[in-house]
Amino acid sequence: MSVRKAAAPGPQGHGREEEAALLFERVHYRHDPRWLLPVSPRLCLACVLELLPEPGVSLVRKKHVLSCFRDALVRHASLVTQQVAQDQRVCIRFISILFEVLCNVEDGSVTDLCIEVLTQLVTQLKLEQTIHCLLDECHKELLNMPSMRGSLATLTLLGKLVNAIPALADKLVMEHGNLMEHLLRGLVYPNEGVQASVCYVYGKLYSSPMAAEVLSGHFREKLCPLFLSTLDSAQTKELQINCLGLLRQLLKYDLFVSMIMNKSALAESAESVEGPPRETSLPLMLKKFLLSRDETLQVASTHCITAVLVHSPAKHAPAFIHADIPEFLFEHLSSSSEVLVWSVYNCLILLAEEPLFFSKCHTVYGIESVVRSLQGSLKMNNVELHKQGLLLFAEILTRQPEEIKLFTSSATCRDAGRALREAVSSPVLEVAAEAVKATSAFLRKDHQSSPPVQYRELQALLEAMLGRCADLSQTPLNRRPLGHASSRDSEKAILRRGNFLLRTLEGFRNACRLALEFQSEPLAQENPFTAPSAENEDTLGAFSEFLLSACDSLCIPIVMRHLEQATHPVLMEVFISILHSLFVIVPHMKEKFSKKLAASSFIRLTLELKARFCSGLRHLTLNQVCSSFLCYMCLNLLSAPEKTEPPSQEELSAVSELLQHGLPQISSRGPESLVFLSDQQYVEGAARQRQYCILLLFYLAYIYEDRFVSEAELFVAVQSFLLSLRDQGEQPPSMVFRASIYLLAVCQDKDKALDESVVTAVRTFLEGILDLHLVYTHHPLLLKLFLLYPELMSRFGHRVLELWFSWEESSYEELDNISSAGQPTLSASLRTLFHIIRSSPSVLLILLDLVYSSREDTARKVLIVLRNFLRRNEDVQVSGLIRGHFLLILQRLLVEHGASPSKASGNLPLLLSLLFLVQLRNESEQELDSMAMKLLHQVSELCGKCSPTDADILQPSFNFLYWSLHQTTSGSQKRAAAVLLSSTALMELLEKILALTWTEVDSPGTALLCSTWLLTASCSAQQHSGNLQVHQTLSVELDQVLNTLNFPKKKAVLLSAAILCFLRTALQQGFSSALVALVPSGPRLASAPEDSVLAPLRTSQVLSLVIRLQNLLVQKDPLLSQICVGCLEALFDYLHARSPDVAFHVASQPWNRFLLFTLLDSGENSFLRPEILKLMTLFVRFQSSVLSHEEVGHVLRDATLADLSMLSSSTLQALHSFFLQVQSMGLLADPSTAQTLQASLEGLSPRVSSIRPTPQDMLCLGGVAVSVSHIRD
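Mapping of the sequence shown onto this note's numbering: position 1116 corresponds to residue 2268, and the numbering continues sequentially without gaps.
What follows is the structure, encoded as structure tokens:
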């Protein structure tokens, strides 16, 4: 017999296998062609059917045919099964022959091939009859088998069939139950191959729940001990694996688990009794497999342990723990096999549910392995492995008893923190979520208490956790335009974010709790191993401040973003508790943090949470947390207020008790709270306490610009509240009343005033307060409230303005510095005050009283405000009001403190400065009225009672007196001068101060000296021109005056100008003043004949004075230059009157020409300065050689080219005088130049004649009043 490969027709180009057919030649001719497969391998199924049972065919040929048939079945399953299933008899015959070959051939490879073909064929045919046929054959074979050795192939086939067709398990158990006895025999047969096959069959049978239920009795009565014995004694890997496979199937059912574990418990108890070897318990068997070096067995054993523990960790875990299974599981965490590590993670997670796992210190032993395994697994790409490892770590960290320290070294704790930091940064959200959960458990005091505490590592871990949460919150949701599915996806995404945020916040809360607990641990305050001199940032203080900063910059923004999408009460409870704990963790920042929270609308947020979730006894924990947070924040804000006096400790304690009792009862929204506040029915104690709490919350919210209720409605509610208090005869606590009047002030509508009854009630409550500062809150609108209603202003206006200025922190000095750029911008508070003053000028009287009676710093602020008000509101006529009130103050002062007015009030100088400012507002050429004359008299009397050391009083007083002598009509000036001259004490004071000019000791100051010289010069000029009566003559040493000019004080330009002004007046009067007597400093020496003409001056003094004036001119100071030129003019007039020769001699000195050209060298057209023009006019007048005719002509030509419209009035007048002087002297011989001069004069005359005196030429230089016209003319 032979099998031959015959050629078969086919398309060109097919492979060799497609061109040949496997045929059994001897019989193939009678086979129908339909049995020949049309595809490769070209096999005739009928030939296969006849060839396999043929005894003459070699085993090799049969194996080859089987192999080809298997290939055909694999590659063309539908075609082959269709061919075989054509005839039922053929199909059954095919199965029978294959089974017969299986039973009769001892070659293992052929057996395996038969089993594979049979299994595939039956599976593909899916014919019930075929399956029954094969099962029957197997059943008969096993029953008729004389020895179990021959049943190996059949058992193997049976196992493969049940594996391929799971439904066969139930059929076998139900229809072939007696097979179980044969399987039991195979289990005790001393051949591990047979045992392995039996275990495999059993495993497949017990994989079916129905079959397992049917076989439960079989297992309990017969199989259990045999199986455990087989498992314990198994030596080959095949048997071990199949036993563990069967065990896995058995362990799915609680019944079998109980049986096996009870059997194991009996075995363990028997081990403790001496005697022959007993049965081994399941934990020890599985431990043996764990100790093997085979990874497959280790994984299978771990799976079995896990399968047992799944049913009841509390019941079964102790047996494995007593067997030291955890120790070996921890050792296997170092494996490189991801499957094994994942399996160990699962098993340990279940063991961790048993307290014995921790009390036996297995976690202490294995924590390093867990950390190292976690670090290694995070480097892999197995997400499930990451999740299970983190879940195990979290379970250990959470369940570890506090009394058993988990981390015995800080290095392990640090490594654990770093592993968690890497895990929370995972891009996979599920992994990061498990890491955050583990981090939350990691942040426990007993886990972190090993010194030194790794604060910087904890900080880095928290930063990573919050950063991951921030990244997630900023990731845009994948929103699709339409559809319920996309909406559900978005909701799921928001829910995932909320859960992740909740876990993150729980972790952060644990960190806050950790910092709080460490505050009582001295060893945890800082690193004890840091050198004393070294700076250490790894401290509890630095960590606490980090928590506050992280909450401010990360937690709060993340939560606020999430609140825009969803609000979860549990999440908000954790969040609010974090904020509350930070007040205690960083106590030195609690006030600042509270202010920032209040300014960020957290009062509103917390109240809305209470209203939404806590009404009707819902979410009691959230209500308590929110109430405690609000109470603590309010107390922080009230104890460190920005715009009011801090309360006393008693007040704070009372408010604390009020808030603690009242806040938990408040769970209403803003409008509902307003309705409750407006209730004017009789309000009982508890309800009144709630009203107090609501008012305080509104008050603090409004202070920090969180206006979450309507101002108009709140205004009405507060009025109703105050009237209710009044009607019930109650006096509100000062803190509550402070809140009430503040809210009234800031909520008052511009056009709606308070009811008279409310104003009366407010006044009544205010009169019951010890001092207004107890209820005062600094705000412009509160000031307006007090000053708007006469009933309040008359009683409390003075005190409220005093409080106002004491709280003002604006830079008032800047307001007093008026630059050329314009007036500085007023603050909102000052604008409000100015508006109040304009609408009610009587407020000025209160301000004047404040200037006089308040503390000096407050009075200075008031003075600056009044100055600025008067400067900016020149249209407001308040001069008479202020001067009249000031006169009363001054009269009262002189009556009460006549002997020493300087001791009356430190603010008197400020009042006098204000009086001078009021005078400056008056236009010149205005008659002094009776009020002004009275003030002048009182001020002069005041000055007469002062000493030169009272410079602060004398300076503004002299400014006022000096103004009275210059900025009025000539008649008023005479009257004013007469009043001053009549005050002998004033004249004596002037003399004393003048004498102090040349002394270094007890000098009153440059400003007062300047004012004294100017005032003396003015009085002398007025007395001389009006021939006024003199009651007291002033003696001044002429030599000292001249010496002072020769050796002036440094930086005393104004003093030199004032002395020159005095000297010019004396020269103009020819030293013949009845008021001022210029006397020599010592005994008068014999003078030369020419000096007698110049007496009281000597020629040397004249020359020295000229030189000094020239030196002062070279300084080119505008004010000093004008007075120097004026003094030179007066000197030359004096010399010309006494000795024309001396005058011409002095005018012709060569240094005069040098002086003039030095002055002219200061720039283009520098001659067009009034002082230089006057100087040239002087030299021309005295026919000096300083200017030649050509130079005069040159000046004339340059002047004609100048733009006259750009010149000042004083320059035009000086230029006109120069032209007239040149013309009168006839210095221009050239007719054309003379004609030009005439034309220039004709053009200048109309301009000069149209010049009017400046209405206001009084300046205040360095605190000294200076009249420009007095200096110039």
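Glycine residues also receive a C-beta, built at the ideal position from the N, C-alpha and C atoms.
query: Helix or strand or just coil, what does DSSP make of V1580?
result: coil
message: For a quick check, are the C-beta atoms of V1346 and M1297 less than 8 Å apart?
response: No, Cβ-Cβ distance for V1346 and M1297 is not below 8 Å.
- prompt: Comparing alpha-carbon positions, which option in R1665, C1290, K1356 and S1303 lies nearest A1321?
  reply: For the options R1665, C1290, K1356 and S1303, the alpha carbon positioned closest to that of A1321 is the one of K1356.
- prompt: Using the C-alpha atoms, what's the distance from E1669 back to T2459?
  reply: Because the chain is modelled from 1153 through 2425, residue 2459 falls outside the range shown and cannot be assessed.
field: One or two residues paired with V2228 in a DSSP bridge
entry: L2186
Burial state of Q1235, where buried means 16 or more other Cβ atoms lie within 10 Å: buried
message: Looking only at its chain, what residues have a beta carbon closer than 8 Å to the beta carbon of K1215, apart from the 5 residues adjacent to it on each side?
response: D1259, S1261, V1262 and L1265
Nearest-angstrom Cβ-Cβ length linking S1729 and V1777, presumed shorter than 8 Å: With a Cβ gap of about 5 Å, S1729 and V1777 count as contacting.
task: With a cut-off of 8 Å on the beta carbons, I'd call V1726 and R1661 a contact; round off their distance for me.
output: 6 Å
field: Chain-order list of residues whose beta-carbon lies under 7 Å from that of T2164 (same chain, five-residue window excluded)
entry: F2110, L2142, I2145 and L2146
query: If you drop the 5 nearest sequence neighbours on each side, which residues of the same chain put their C-beta closer than 7 Å to that of K1312?
result: I1267 and T1271
query: With distances taken from CA atoms, which of A2159, L1398 and D1831 is nearest L1380?
result: L1398
field: Distance CB(V1253)-CB(L1310) smaller than 8 Å
entry: no
task: For chain D, find out if any of its Cβ atoms is closer than 8 Å to the Cβ of H1771; answer yes or no.
output: Protein chains in the displayed structure number just one, and chain D is not present.
- request: Go to M1300, then tell me how far its alpha helix (DSSP H) extends in each direction, as first and last residue.
  value: That residue, M1300, is in no alpha helix (DSSP H); it is neither H nor E in DSSP.
- request: For L1542, count neighbouring Cβ atoms within 10 angstroms of its own Cβ and tell me buried if that reaches 16, exposed if not.
  value: Residue environment for L1542: buried (at least 16 other C-beta atoms within 10 angstroms of its C-beta).
- prompt: For A1869, which option in C1899, F1917 and Y1856 has the closest C-alpha, if you only look at C-alpha atoms?
  reply: C1899
query: From V1995 to H1950, what distance separates their C-alpha atoms?
result: 9 Å
- request: Could you tell me which residues DSSP puts in a beta bridge with L2413?
  value: V2416
message: Can you check which of these residues, L1944, V1927, K2268 and A2011, is closest to S1958 by C-alpha distance?
response: A2011
Alpha carbon of R2424 to alpha carbon of P1993, nearest angstrom: 39 Å
field: Closest by C-alpha distance to F1472, when choosing among S1416, N2304, L1449 and S1486
entry: S1416
message: When you compare the CB positions of I1244 and C1196, do they come within less than 8 Å of one another, or not?
response: No, the Cβ-Cβ distance between I1244 and C1196 is not below 8 Å.
message: My parser needs the beta strand (DSSP E) runs of 3 or more residues fully inside the segment 1654-1716; what are they?
response: none
message: Closer than 8 Å is the cut-off here; do at least three beta carbon pairs connect the segment 1552-1560 with the segment 1603-1618?
response: The segment 1552-1560 makes no contact with the segment 1603-1618: fewer than 3 CB pairs, one atom from each, lie closer than 8 Å.
- prompt: For the alpha helix (DSSP H) that contains E1615, what are its first and last residues?
  reply: Y1607 to Q1626
task: Compute the distance between the beta-carbons of A1575 and A1546, then report whether it is under 8 Å.
output: In this structure, A1546 does not lie closer than 8 Å to A1575 by Cβ.
- prompt: Buried or exposed: T1110, going by 16 or more other Cβ atoms within 10 Å of its Cβ?
  reply: Since the first and last residues shown for the chain are 1153 and 2425, residue 1110 lies out of range.
message: By the three-class DSSP mapping on this structure, what secondary structure does Q1272 have?
response: helix
query: DSSP state of T2149, grouped into three classes?
result: helix
- request: Identify every residue that forms a DSSP beta bridge with Q2078.
  value: Answer is T2120.
- prompt: Which residues bound the alpha helix (DSSP H) around N1534?
  reply: Careful: N1534 lies outside any alpha helix (DSSP H) and carries neither H nor E.
message: Looking only at its chain, what residues have a beta carbon closer than 7 Å to the beta carbon of L2411, apart from the 5 residues adjacent to it on each side?
response: The answer, listed in chain order, is V2418 and V2420.
field: W2284 versus V2338 - alpha carbon distance
entry: One detail in the question is off: residue 2284 reads as Phe in this sequence, not Trp. Whole-angstrom Cα-Cα distance: 15 Å.
- request: State the beta-bridge partners of T1929 as determined by DSSP.
  value: T1796
- request: Mind checking who L1188 pairs with in its DSSP beta bridge?
  value: C1196
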